[in-house]
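**Q** In the working numbering, the protein residues as written are 599 to 826.
All C-beta atoms, glycine included, are put in the ideal place defined by N, C-alpha and C.
Supplied in structure tokens, the structure appears directly below.
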Ligand SMILES: C[S@@+](CC[C@H](N)C(=O)[O-])C[C@H]1O[C@@H](n2cnc3c(N)ncnc32)[C@H](O)[C@@H]1O
């Protein structure tokens, strides 16, 4: 993996490790960042496959293109688009798999993002997602303090129950949790300051202790039902 991808990697899992990608699959990466999962997916889907990396930040798209070039994957069917995840502009029923790694927690309208994933997947297509959730509800004023640094991956996280409701309401079924892990205090601090302290200053010790044990990194899959 090229150094640029490793340095810019800000994931909380490895969706290509549990997405069961097959040669020839069309894969869309929601929030591709520096392109680490696009490159990993490219190895799995091979030269017959197609990968579309989407990110709202054009600067990240530029870096993801660099990753693909540095990885020697420029002859693969890989495209990038600058777009918000609730409006990808991709056609209906395009993808076999939508992957996403630590991004949807950052999106204010998670319903719209999951509806968009559902729309662009073909029937029987699936999602493979790593994300951050709260396992217990937290006080509104504490949530507000974390939201003041939304870039950190805790500001936009929502309670687990609401998260699963969002996924199911979009229409997905065959929902399966692949792995889950409560963040350690070091991981919590890193997550709260993602992508770096200059962008998202660390929470106070008191605020960090108030969420300790309540933040989980979760990996899951779900399927868009087939027609009929
Ligand atoms: C925590 S980083 C994860 C990047 C990458 N998936 C990885 O594992 O390294 C979040 C990425 O999501 C992008 N992002 C956040 N909100 C977005 C949105 N609403 N629409 C599109 N991209 C978004 C950011 O620009 C950033 O590149």
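Give a single yes or no on whether residue 811 has its beta carbon closer than 7 Å to a heavy atom of ligand 1.
**A** Counting from 1 along the chain shown, the entry for residue 811 is found at position 213. Answer for residue 811: no, Cβ out of range of ligand 1.
**Q** Excluding the 5 residues preceding and the 5 following residue 621 in the sequence, name in chain order all residues of the same chain whose CB lies nearer than 7 Å to its CB.
**A** Translated into positions along the chain shown, residue 621 becomes position 23. Contacts found: 643, 644, 646, 647.
**Q** Thinking just about the alpha-carbon of each residue, which of 760, 695, 684, 601 is nearest to the one in residue 615?
**A** On the chain shown, position 17 is the one that residue 615 refers to. Checking every option, the nearest Cα to that of residue 615 belongs to 695.
**Q** Compare the C-alpha of residue 759 against each of 704, 663, 816 and name the closest.
**A** By 1-based counting over the chain shown, the position of residue 759 is 161. The shortest Cα separation from residue 759 among 704, 663, 816 belongs to 816.
**Q** Would you say residue 699 touches ligand 1, meaning its beta carbon is less than 7 Å from a heavy atom?
**A** One-based indexing of the chain shown puts residue 699 at position 101. Indeed, a heavy atom of ligand 1 lies less than 7 Å from the Cβ.
**Q** Where residue 609 and residue 667 are concerned, what is the direct C-alpha to C-alpha distance, given to the nearest angstrom?
**A** For the purposes of this step, residue 609 is taken as residue 11 along the chain shown, with counting starting at 1. For the purposes of this step, residue 667 is taken as residue 69 along the chain shown, with counting starting at 1. Straight-line Cα distance between these residues: approximately 21 Å.
**Q** Is residue 652 near ligand 1 - that is, is its Cβ less than 7 Å away from at least one heavy atom of it?
**A** What you label residue 652 is simply residue 54 of the chain shown in a count that begins at 1. Yes, Cβ of residue 652 sits closer than 7 Å to a heavy atom of ligand 1.
**Q** Quick one: grab the DSSP three-state call for residue 651.
**A** Within the chain shown, the letter at position 53 stands for residue 651. Strand at residue 651.
**Q** Can you find at least 3 beta carbon pairs, one from the region 796-812 and one from the region 709-727, that sit closer than 8 Å?
**A** No: the two stretches stay apart, fewer than three of their Cβ pairs being nearer than 8 Å.
**Q** Cα separation between residue 652 and residue 800?
**A** Numbered from 1 along the chain shown, position 54 holds the residue referred to as residue 652. Numbered from 1 along the chain shown, position 202 holds the residue referred to as residue 800. Roughly 28 Å between the two C-alpha positions.
**Q** Report yes if the C-beta distance between residue 665 and residue 633 is below 8 Å; otherwise report no.
**A** In the chain shown, counting from the first residue as 1, residue 665 sits at position 67. In the chain shown, counting from the first residue as 1, residue 633 sits at position 35. Yes, they are a contact pair.
**Q** Taking all protein chains shown into account, do 16 or more other C-beta atoms lie within 10 angstroms of the C-beta of residue 822, making it buried, or fewer, making it exposed?
**A** Position 224 of the chain shown, counting from 1, holds the residue named residue 822. By the neighbour-count rule (16 or more Cβ atoms within 10 Å), residue 822 is buried.
**Q** Could you tell me the alpha carbon to alpha carbon distance between residue 769 and residue 712, rounded to whole angstroms?
**A** Locating residue 769 in the chain shown gives position 171, counting from the first residue. Locating residue 712 in the chain shown gives position 114, counting from the first residue. Going from the Cα of residue 769 to the Cα of residue 712 covers about 9 Å.
**Q** Using CA coordinates, which residue listed in 776, 753, 658, 774 is at the minimum distance from residue 787?
**A** Sequence index remark: in the chain shown, residue 787 carries index 189 (1-based). Closest by alpha carbon: 753.
**Q** For residue 777, I'd like the list of residues in its chain whose CB is within less than 6 Å of its CB, leaving aside the five on either flank, ordered along the chain.
**A** Start at 1 with the first residue of the chain shown, and residue 777 comes out as number 179. 817.
**Q** Identify the continuous beta strand (DSSP E) that holds residue 726 and give its terminal residues.
**A** Taking the chain shown and counting its residues from 1, one reaches residue 726 at position 128. Taken as a continuous stretch (DSSP letters only), the beta strand (DSSP E) holding residue 726 covers 719-732.
**Q** What residues match up with residue 677 in a beta bridge as DSSP calls it?
**A** Position 79 of the chain shown, counted from the first residue, corresponds to residue 677. Per DSSP, 650.
**Q** Rounded to whole angstroms, what's the CA-CA distance from residue 784 to residue 599? Just pull it up for me.
**A** Position 186 of the chain shown, counted from the start, is the residue given in the question as residue 784. Position 1 of the chain shown, counted from the start, is the residue given in the question as residue 599. Cα to Cα, residue 784 sits roughly 25 Å from residue 599.
**Q** Less than 8 Å between the CB atoms is what I'm expecting for residue 649 and residue 627, so what's the real figure, rounded?
**A** Here residue 649 refers to the residue found at position 51 when the chain shown is read from its first residue. Here residue 627 refers to the residue found at position 29 when the chain shown is read from its first residue. Yes, they are in contact, since the Cβ atoms of residue 649 and residue 627 sit about 7 Å apart, within 8 Å.
**Q** For the alpha helix (DSSP H) that contains residue 684, what are its first and last residues?
**A** For this step, residue 684 is matched to residue 86 along the chain shown. First-last for residue 684: undefined, no H or E at that position.
**Q** Rounded C-beta distance between residue 619 and residue 603? I'm assuming under 8 Å.
**A** Mapped onto the chain shown, residue 619 falls at position 21. Mapped onto the chain shown, residue 603 falls at position 5. Contact doesn't hold; Cβ gap of about 18 Å is too wide.
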